Amino acid sequence: MRLTREVRQQLLDQNEGFELETSYEGKNFREYRRYRITGGELRIRSSGKTSWADSRFDNEDVATDEQTHRFLREHLAELNTDGL
Numbered sequence: 007m008r009l010t011r012e013v014r015q016q017l018l019d020q021n022e023g024f025e026l027e028t029s030y031e032g033k034n035f036r037e038y039r040r041y042r043i044t045g046g047e048l049r050i051r052s053s054g055k056t057s058w059a060d061s062r063f064d065n066e067d068v069a070t071d072e073q074t075h076r077f078l079r080e081h082l083a084e085l086n087t088d089g090l
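Here the sequence shown is numbered in the working numbering, starting from 7 and rising by one per residue.
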């Protein structure tokens, strides 16, 4: 399936409420990500910490077109693709 801008938007609209959580741990770094499709857009919340005492972070942003394209391509098997 080719993920054109129109197809990406249809996938986002069809999968309203889809959520996925991932985590990554490396040396002196830990990050948790929560991906959520809502309002026709992909939202990414990342939280975690590094080895510095004051380095905790918690951010939520709307995904860019490139991030959305990559996410949809990687998780296409988990999404509702009926009618596409």
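Glycine is no exception: its CB is placed at the ideal position from the N, C-alpha and C atoms.
Small disclaimer: the values here were computed from a predicted structure and weren't measured.
In the three-state reduction of the DSSP assignment, residue 28 falls in the strand class, which pools E and B. If you draw a straight line from the Cα of residue 84 to the Cα of residue 62, it is about 31 Å long.
Taking every protein chain shown into account, the CB of residue 41 has 16 or more other CB atoms within 10 angstroms, so this residue is buried. Residue burial annotation: residue 90 is exposed, with fewer than 16 other C-beta atoms found within 10 angstroms of its C-beta. Counting only unbroken stretches of 4 or more residues, the alpha helix (DSSP H) elements lying wholly within the stretch 25-90 are 71-80, in sequence order. Residue 25 and residue 53 have their C-alpha atoms spaced approximately 16 Å apart.
The closest CA to that of residue 68, considering only 49, 80, 79, is found on 49.
Linking residue 81 to residue 45 through their CA atoms gives a straight-line distance of about 19 Å.
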